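First up is the structure itself, then whatever we jot down about it.
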Amino acid sequence: MSAMVLIMIICAYLLGSVSSAVLICRIFKLPDPRTSGSNNPGATNVLRIGGKLPAFLVLFCDMAKGIIRFGQVTFSISIL
Numbered sequence: 000m001s002a003m004v005l006i007m008i009i010c011a012y013l014l015g016s017v018s019s020a021v022l023i024c025r026i027f028k029l030p031d032p033r034t035s036g037s038n039n040p041g042a043t044n045v046l047r048i049g050g051k052l053p054a055f056l057v058l059f060c061d062m063a064k065g066i067i068r069f070g071q072v073t074f075s076i077s078i079l
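Right, dumping it as structure tokens:
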């Protein structure tokens, strides 16, 4: 396994382990989405407990994580 592949795996793991719903709820001083509403740390539950702006930010951050990962893979394939 090359160093590039190992770095990509580690970055993907770290990026995926960040819960944007929990972070945004902490920033907006909302209850923890894992323990309130439907107990699901996602944009829909944040919409229920916090409103449109926090829910949009959670959705945006979750989509950005996927786009960043896709860009990493696309860039690395073009290099190889």
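If you're matching positions, the sequence shown starts at 0 in numbering that gives the first Met the number 0 and goes up one per residue. Beta carbons: idealized from backbone N, C-alpha and C, even for Gly. Source: prediction; values computed, not measured.
**Report entry** For Pro32 and Ile6, believed in contact at Cβ under 8 Å, the rounded distance
**Finding:** For Ile6 against Pro32, the beta-carbon gap comes to about 31 Å, at or over 8 Å, which does not count as contact.
Requested in this report: For Asn44, name the three-state secondary structure that DSSP assigns.
Outcome: helix
Query raised in the report: Ends of the alpha helix (DSSP H) at Lys51?
Result: It spans 51-78 - the alpha helix (DSSP H) in which Lys51 sits, taken as one unbroken run.
Query raised in the report: With C-beta atoms as the reference, is Asn44 less than 8 Å away from Gly36?
Result: yes
Query raised in the report: Considering only the beta carbon of each residue, do Asp61 and Ser19 sit closer than 8 Å?
Result: yes
Query raised in the report: Roughly how many angstroms lie between the CA atoms of Leu22 and Leu52, to the nearest whole one?
Result: 14 Å
Query raised in the report: What are the boundary residues of the alpha helix (DSSP H) that Leu5 is part of?
Result: 2-16
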